[in-house]
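Working notes for the structure below.
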Amino acid sequence: MFNALSDAGSPQGGQDAGTEGQEFRRTERRLLLEAYFDFIRIRFLTMLAYRLNYYTGILIYSLNIGVNYFTWKAIYGQGESLGGFTAAQMTTYVAVSWMARAFYFNNLDREISTDIRDGSIAIQFIRPYNYVLAKMMQGLGEGMFRFLLFMIPGMALAMLLFPVHLPHDPAAWAGFLVMLFFSFLINSQINIITGLLAFFVENNEGLMRMKRVVVDLFSGLIIPISLFPGWLSSILKLLPFQAITYLPGSVFTGRVQGVGIWNVFGIQIIWFAVLLIPLFWLYRAARQRLFVQGG
Amino acid sequence: MAAIDVHDLRKTFKVQKNRGGLKGAFVDLFKREYNEVTAVKDISFQIPEGEICGYIGENGAGKSTTIKMLTGILVPTSGRLTVGGYVPYEEREKFVRNIGVVFGQRSQLWWDIGVIESFELLRKVYRVEEADYKKRLDELVERLELQELLNRPVRKLSLGQRMRCELVAALLHNPSIVFLDEPTIGLDIVVKSEIRSFLKDMNREHGTTILLTTHDLQDIEALCSRVIMLDDGSIIYDGGLDELKQRWGTGREVVFQFGTATKLNRLELLTEGMPVKWTAENNLGATVWIPLEMNVSDVLGRVVGQADITDIKIIETNTDDIVRSIYQSGSANKAEEANLALPREGAGHV
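First to last, the sequence lines map onto chains W and U. Heads up: the first sequence begins at 1 in this note's numbering, then just goes up one per residue. Heads up: the second sequence begins at 1001 in this note's numbering, then just goes up one per residue.
Okay, here's the thing in structure tokens:
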């Protein structure tokens, strides 16, 4: 059915029984894996293509930390502690939260909804890969770019300017880095779900804006969750957003230690698993009713 | 076995209805109404391996929708289709590895990075082995003269340069079936003919099956042995290009300019007994329509010498005219009435 020319990449070749077929399939898998990792590289290169974005990025993150630092300093005044945070812990929490945001933040919701609305999703669907996974890898590329080129120099700058205290306990560091990765996963899942909704509503702009505010506020980036009124903070503890900033931040500032780290990490894993369900379901439903705009 | 096999394919879209006025807009907030629009209406066709088939029709006729179903992007509402042995929407990821697609209006290269980076990524996406890739890329780069462009970011390429890169991107994995959706749109004549000859060579050397949509009928004339014409979601013509021309180009027209006033009935008298039709613009100009089976020279022979002729033009109907009149009449069967409305273009002086 296929002519002989499609030797490389034809599934017919893979159906030969025996070791040759197995060898072939292994190569296939390796190449696909390489492709997914290449998305990280490509996004990294794309981000590097615009230097101005890079310089302003560092400035914006440092400014954000500064603004939050001075605001909290004014709120604390002579006070000792608020919602279980001392002034020093709060400074560290603010700096660490914003730096974490540099890694987990991405615009996958906007990218996906743009793909859907201008019809370029068509290009994505003629490629032999999973669209959502490819997007996720691109988000990771963006995150790694910011992590290496915003977060590390930005953190150094923040430590020079403000009294930020990083922990000495290696467990806190390890816990934080692993949890930071899950922050990225959960935040990206929420973004992808928001983006995919563009398949079902003509315009999801309002939804995306709402999501952004909700994530920044309810994740504890702007105000730590323990500072919310009792009833609200108990609701927020039932939502996935706290797993993005508040939980890893708590580990890193030393408010959660020892076995507690495993507990909060468990919450992250549960949310990661739970969010896979709507994600998978939306993607399948979207494939069924995909309507490519513009002809 | 046919490379593309389509039976009673149908695609219906739900299009949201907007009620008028402030009140209507308010009601829309709570209760939406939808219209059903059928973009493709139960079409069937088979394309054998190695054929280049043109898929033409007006804007909105359903061409792109068909292409999107054939490439696995859209799920059909009903009907059966197999492309290269696969049902496209069922096994999308496996299926798309054997096809190549170029959308003339959409880029599949990464905008901000060098062309070669995009190619490298596509190599991995399509799981092409390094050695095969090198060979194929060298071949394509040489054929399409891209050597100097490979390290430039896509956003700095001209449209013609970009389109040649798009072709390479779609063909790197050596697909056996290629879909081209308006591949020559907006290109200058030099690039157009380059792309045409490239596609023709590819079809000859590799036996690649090509389905091509276009608004430029010269693409069709240069490449396709077969044309499928779509109107309002239905196929109105499926067959050879020559056949289309014969069936539709039912005659030629000869335009005379006279030095002295010449009456229409005098001209009709000259060609008495011939199945020709005269029309006059004024006393100094007249047009005669001659059916295809008659010799133009027979008619000319009767008129020349009898009248004071200053100029003669013979007008052949070209494909553009044929297609335009089919579009206007909306059916490939009503040949007669549309033929009379043939515009006068593509004149050749005698």
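Beta carbons are placed, not taken as given, at the ideal position from N, Cα and C, and that holds for glycine. None of the values given here were measured: they were computed from a predicted structure.
For residue i, which residues of its own chain have a beta-carbon under 7 Å away from its beta-carbon, when the five flanking residues on both sides are left out?
i, result
"P1048 (chain U)", "A1002 and A1003"
"V94 (chain W)", "I65, N68, Y69 and W72"
"L1199 (chain U)", "I1210 and L1223"
"L133 (chain W)", "Y36"
"D115 (chain W)", "I121 and Q124"
"I267 (chain W)", "A243 and L247"
"G1186 (chain U)", "L1159"
Who are the Cβ neighbours of residue i in its own chain at under 6 Å, not counting the five residues just before and after it?
i, result
"Y1327 (chain U)", "E1058"
"F1095 (chain U)", "G1072, Y1086 and P1088"
"P1076 (chain U)", "L1009, K1011 and M1069"
"T1279 (chain U)", "T1287"
"N204 (chain W)", "S113, L197 and A198"
"L1270 (chain U)", "R1302, V1303 and Q1306"
Can you list, in chain order, the residues of its chain with a C-beta nearer than 8 Å to that of residue i? Leave out the 5 residues immediately preceding and following it.
i, result
"N1151 (chain U)", "G1114, V1115 and I1116"
"Y1351 (chain U)", "What the structure shows of chain U is the stretch from 1001 to 1350, and residue 1351 (chain U) is not part of that stretch, so it cannot be assessed."
"E1194 (chain U)", "L1144 and R1164"
"Y1034 (chain U)", "K1014, V1015, Q1016 and K1017"
"L275 (chain W)", "I186, Q189, I190, I193 and P240"
"R110 (chain W)", "G195 and M208"
"R1019 (chain U)", "A1025, V1027, D1028 and E1033"
Exposed or buried, what is residue i when buried is set at 16 or more other beta-carbons lying within 10 Å of its beta-carbon?
i, result
"V1141 (chain U)", "buried"
"V256 (chain W)", "buried"
"M210 (chain W)", "exposed"
"H1349 (chain U)", "Unreliable positioning characterises H1349 (chain U) in this predicted model, as indicated by a pLDDT of 41, which lies under 50. The coordinate reading is nonetheless provided below. Result: exposed."
"P298 (chain W)", "With chain W represented from 1 up to 295, any question about residue 298 (chain W) goes unanswered, as that position is not in the structure."
"A286 (chain W)", "buried"
"S1325 (chain U)", "buried"
"A243 (chain W)", "buried"
"E202 (chain W)", "exposed"
"Q138 (chain W)", "buried"
With H, G and I counted as helix, E and B as strand and the rest as coil, what does DSSP make of residue i?
i, result
"I1073 (chain U)", "coil"
"V201 (chain W)", "coil"
"F70 (chain W)", "helix"
"H1173 (chain U)", "coil"
"S188 (chain W)", "helix"
"R303 (chain W)", "Within the shown structure, residues of chain W are numbered from 1 to 295, placing residue 303 (chain W) beyond reach of any answer."
"C1053 (chain U)", "strand"
"T1012 (chain U)", "strand"
"I116 (chain W)", "helix"
"W1110 (chain U)", "coil"
"V1276 (chain U)", "coil"
"H1007 (chain U)", "strand"
"G77 (chain W)", "coil"
"D1138 (chain U)", "helix"
"A243 (chain W)", "helix"
"I1127 (chain U)", "The residue you asked about is not Ile; residue 1127 (chain U) is Arg in the sequence shown. It is coil, neither helix nor strand."
"T86 (chain W)", "strand"
"A1039 (chain U)", "strand"
"Q1147 (chain U)", "helix"
"Y1237 (chain U)", "strand"
"V1154 (chain U)", "helix"
"Q268 (chain W)", "helix"
"T1184 (chain U)", "coil"
List the residues of chain W that residue i touches, going by C-beta distances under 7 Å, in chain order.
i, result
"V1096 (chain U)", "I126, R127 and P128"
In chain W, which residues lie with their C-beta within 9 Å of the C-beta of residue i?
i, result
"T1071 (chain U)", "A122, F125 and I126"
"Q1016 (chain U)", "E202"
Output, in chain order, the set of chain U residues within a Cβ distance shorter than 9 Å of residue i.
i, result
"L31 (chain W)", "R1123, K1124, V1125, Y1126, R1127, V1128 and E1129"
"L45 (chain W)", "W1110, D1112, I1113, G1114 and E1117"
"E20 (chain W)", "The premise fails here: E20 (chain W) is roughly 14 Å from chain U at the closest Cβ pair, so nothing lies under 9 Å."
"A35 (chain W)", "L1121, L1122, R1123, K1124, V1125, Y1126 and R1127"
Name the chain U residues whose beta carbon is nearer than 8 Å to that of residue i?
i, result
"E80 (chain W)", "Within chain U, no residue comes near E80 (chain W); the closest Cβ sits about 51 Å away, beyond 8 Å."
"A49 (chain W)", "D1112, I1113 and P1153"
"E28 (chain W)", "R1127"
So with CB distances below 7 Å, who are the chain U contacts of residue i?
i, result
"I42 (chain W)", "W1110, I1113, E1117 and L1121"
"D115 (chain W)", "Neighbours of D115 (chain W) on chain U: none; closest Cβ ~11 Å, over 7 Å."
I want to verify the contact list: residues of chain W whose CB lies under 8 Å from the CB of residue i, in sequence order.
i, result
"F1103 (chain U)", "A122 and I123"
"E1358 (chain U)", "Since the first residue shown for chain U is 1001 and the last is 1350, residue 1358 (chain U) is missing from the structure and cannot be characterised."
"R1106 (chain U)", "G119, S120, A122 and I123"
Spell out whether any CB of chain C is found under 8 Å from the CB atom of residue i.
i, result
"Q288 (chain W)", "Given the protein chain composition of this structure (W and U), no chain C is represented."
#### Entry: Residues from the stretch 129-151 of chain W in contact with chain U, defined by Cβ distance under 8 Å
Y129 and N130
### Query
Residues in the stretch 1292-1320 of chain U with C-beta within 7 Å of chain W's C-beta atoms, listed in sequence order?
none
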